[in-house]
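Below: the structure, in structure tokens.
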Amino acid sequence: MRLYAGGYLAFYLPQQKNSIEMRLNAPTLLKDILVNLQIPIEEVHLVALNGEQADVETAILHDTDVLRIFSSVNGG
Amino acid sequence: MYGTTAKILRVNLNTGAIEIETLSEDFYRLYPGGKALAGYILLNELPPHTDPFSPDNVIVFANGLLTGAPVSTATRYVVSARSPLTGGYGESEAGGFWGPELKMAGFEAIVIKGRASTPVYLWIKNGVAEIRPAEHLWGRMTAEVQETIRAELNDDKIRVLQNGIAGENLVRFAGITNDLRHFNGRNGLGAVMGSKNLRAIAVRGTQKYQTLAQEPETLMELGRKLAKAVRENPLSWDLQQRGTPGLVEPLNTGGILPTRNFRQGAFEGVDDIKWEAYEKELLTARRSCYACAVRCKREVNVNGQPSPYGGPEYETVGAFGPNCGVSDLQAIAKANELCNAYMLDSISAGATIAFAMECFEHGLIGLDDTGGLDLRFGNAEAMLTILEQIARREGFGNLLAEGSLRAAEKIGSDAKFFAIQVKGQELAMHEPRGKYNVGMGYAISEIGADHLVVAHDPAFANPDSIQFKSAVPLGITVAQPPRLLNAEKMKHFYILEKWGSLEKVIGYCFFGPAPRSFIPVEDILTSVNAATGWNLSVDDALQIGERATNMARIFNLREGFSRKDDTLPERIFQGLENGPLQGLGLPREDFEQALTILYELKGWSPETGVPTRERLEALSLGWAAEMMPAETSK
């Protein structure tokens, strides 16, 4: 599974990279992955799972998924 | 008096007279710089209904109270005049180095009246000003002008503020730049400079801000703390890493990336223009403004060559990219370069071209009108061609140089529907149908559609988020979803507008203070108090912001604006054509009800939007009540 972090969420990824690759041996709740990566769930504003919006509370991920998570973003 | 030079430079271009005015502390407590100082001067010195291009228009360049302080993001100055784009109160802020340099040269502000008989520029060095000839600068690109001024004054540390060829040609959305990379883009104030035959203001100063402060060591210590905090706070870290171009993908995913003149909210070409593409194709380095550790500015190559103008911000990527249906990142970067070389506001320029593209696709204009240009969405080459025509007022560009509203009135038929503007100024690249308080900001802003009136709604959706918690000291206590308008949401707006206005008074960038970014509310107050010796509270600070907003409001009432002008383009009340928010518009009835609630919070008449005398007196603006038209001031 590949996870991309947009907005300020990349701040929380290992080495503050834009994305990471993870091996999932079984379907896994997104919430559990966020906890594991120490990404605060309250900062996750938008989730796109394989290009479709998904719910941060209920989304379930599989090993072949592409996940994009975003913080809220502001203008300027 | 601490924290300020208290000096204003006054220049009359009719006579060549130059005077220096000293402000009192009592005055400065009420109008401590930037938006407040400029608003006070305009209200008191600019007669109503003055033609924006008349010599009688007054243009003010006003530093914020803290501009030049050794604290990250305290770099901003305001330029203000009657706007040739809106006909109302005109204002635009920029960071960079020019404002701090003006402070170091001994001035808080410059007030310019009249019109020079031939092109001139103003040269200021350590408290002394001189008007110099500028015929040799007229008609030249901004990079050449800066280089020439520095060479002829023999000092490459001079900071040059200037308009450009677009301003000389009175393009109604011509902007102002300093150091070629920082822009007072909005409201056409570069054209006001042009109408005065004023091409540039060059500044050199050597005083340090710390010498003005009551507690310089406290300020220095705060500056060091904040410089470290930039990398420890996710919000400022992100600004440093990606800058504003990082907004493209999340906005697209949320269905709120303005696309094809705000018809759509999602762009099929997003992968070609999002941050990863920008980083790979354009980025060469990161830069900063004066004493700012955020470093949100980008340096880029355009078509493989280093650009002297810095890289496109999100607004520019959005305006010339999705909003024109263009996914060619090099073309977008070229459009940015052209805007900055000719000095056009990239938001209004891109949005006006998008307007023309939609008119073209609907057959309201044709090849005969455009001189053979195939102005369809997605035609990057035509976009770049018409952009230069606008700056030079050539061909069809001469009509678009008037801005989308005036152009629509000339084109007639349904063209006005396609002009996505408020009070004549085009919307920035933020979709109000996904964040309703941004829409309220567009509607109510005194300068026309402005995206920097309040921090945007998504920041206040989750009560446990960093941004929400950082807004609690301001009095924001109940989280609200972005797509909702109710009394609580209007309370958010009322507070955030005052805070945003304060930032424009004291000189902080939108990317410094919480809740948009990383500097806690208490540190903002500490910086003001260390500089001035005041004991400013949150309520005092908000009142300064509210006072400045009300002066701008009165300016507009005097020009004939009223509640009917605080609205949104018709399209925004209709549904988006694609993306996650497809079919959803901003509910008109909710909008009107919320506007009434907001007026009441602001102490304005719900029917007319006129401030009550009681509220004006509470803001120490009783004097301004006398300036409102008789029929509205009761």
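Chains as they are written, first to last, in our numbering: chain L, 1 to 76; chain D, 1001 to 1634. The C-beta atom is built at its ideal place from N, Cα and C for all residues, glycine as well. Just so we're clear, the structure is a prediction, and the values are computed from it rather than from any experiment.
- When the alpha-carbon of E1488/D is set against those of D1457/D, G1500/D, P1515/D, F1518/D, the nearest one is in D1457/D.
- The three-state reading of DSSP puts H1182/D in strand, counting E and B together.
- Sorting G1575/D, F1468/D, A1116/D, E1546/D by C-alpha distance to the C-alpha of A1618/D places E1546/D at the top.
- For V73/L, the closest Cβ of chain D is nearer than 8 Å.
- Residue contact with chain D for A59/L: absent (no Cβ-Cβ distance below 8 Å to any residue of chain D).
- Shortest Cα-Cα distance from R1010/D to any of S1605/D, T1177/D, K1113/D, G1139/D involves K1113/D.
- For I69/L, the CB contacts under 6 Å within the same chain, skipping 5 residues up- and downstream, are A5, L9, V44, V47 in chain order.
- For Q53/L, the chain D residues whose C-beta falls within less than 9 Å of its own C-beta are T1253, G1254, G1255, P1580, listed in chain order.
- Close to chain D, meaning a Cβ-Cβ distance shorter than 7 Å, are the following residues of the stretch 19-51 of chain L: E42, E43, H45, L46, A48.
- If you keep only unbroken beta strand (DSSP E) runs of at least 3 residues inside the stretch 1425-1467 of chain D, you get nothing at all.
- At least one beta carbon of chain D lies nearer than 8 Å to the beta carbon of R68/L.
- The C-beta distance from A1081/D to V1058/D rounds to 6 Å, short enough to fall under 8 Å.
- Inside the stretch 1266-1332 of chain D, DSSP marks whole alpha helix (DSSP H) runs of 4 or more residues at positions 1275-1281, 1314-1320, from first to last along the chain.
- Under the three-pair Cβ rule at 8 Å, the stretch 33-40 of chain L counts as touching the stretch 11-20 of chain L.
- A direct Cα-to-Cα measurement between D1179/D and R1159/D gives close to 6 Å.
- For K1196/D, the secondary structure class from DSSP, reduced to helix, strand or coil, is coil.
- Counted as a single uninterrupted DSSP element, the alpha helix (DSSP H) harbouring S1527/D occupies residues 1521-1532.
- The DSSP-derived three-state label of R1558/D is helix.
- With a cut-off of 8 Å on Cβ pairs, the stretch 1047-1057 of chain D is not in contact with the stretch 1385-1394 of chain D, counting fewer than three such pairs.
- Straight through space, the alpha carbons of E52/L and D1271/D are spaced by roughly 15 Å.
- In the structure shown, E1091/D adopts extended strand secondary structure according to DSSP, grouped into three states.
- Bridge partners of Q1582/D according to DSSP: L1576/D.
- DSSP lists P1611/D as the bridge partner or partners of W1604/D.
- When DSSP states are grouped into helix, strand and coil, R1140/D belongs to the coil group.
- S19/L has Y4/L as its beta-bridge partners, per DSSP.
- Distances from the alpha-carbon of R1115/D to those of G1185/D, L1568/D, L1198/D put L1198/D closest.
- Look at L1247/D: its C-beta is under 8 Å from a C-beta on chain L.
- In terms of Cβ geometry, Y1436/D and L1598/D do not form a close pair [threshold 8 Å].
- Contact between L1257/D and G1318/D holds: CB atoms are separated by about 7 Å, below the 8 Å threshold.
- According to the DSSP secondary-structure assignment, E52/L is paired through a beta bridge with L49/L.
- Boundaries for E1394/D: no alpha helix (DSSP H) harbours it, and the DSSP string shows neither H nor E there.
- T1022/D sits in a strand when the DSSP states are folded into three classes.
- Note on the stretch 1468-1500 of chain D: there is no whole beta strand (DSSP E) run with a minimum of 3 residues.
- In the three-state DSSP reduction, S1083/D falls in the coil class, being neither helix nor strand.
- Just so you know, the alpha carbons of E1279/D and S1117/D end up roughly 47 Å apart.
- With distances taken between CA atoms, L1576/D lies nearest to Q1264/D out of T1177/D, A1530/D, Q1264/D.
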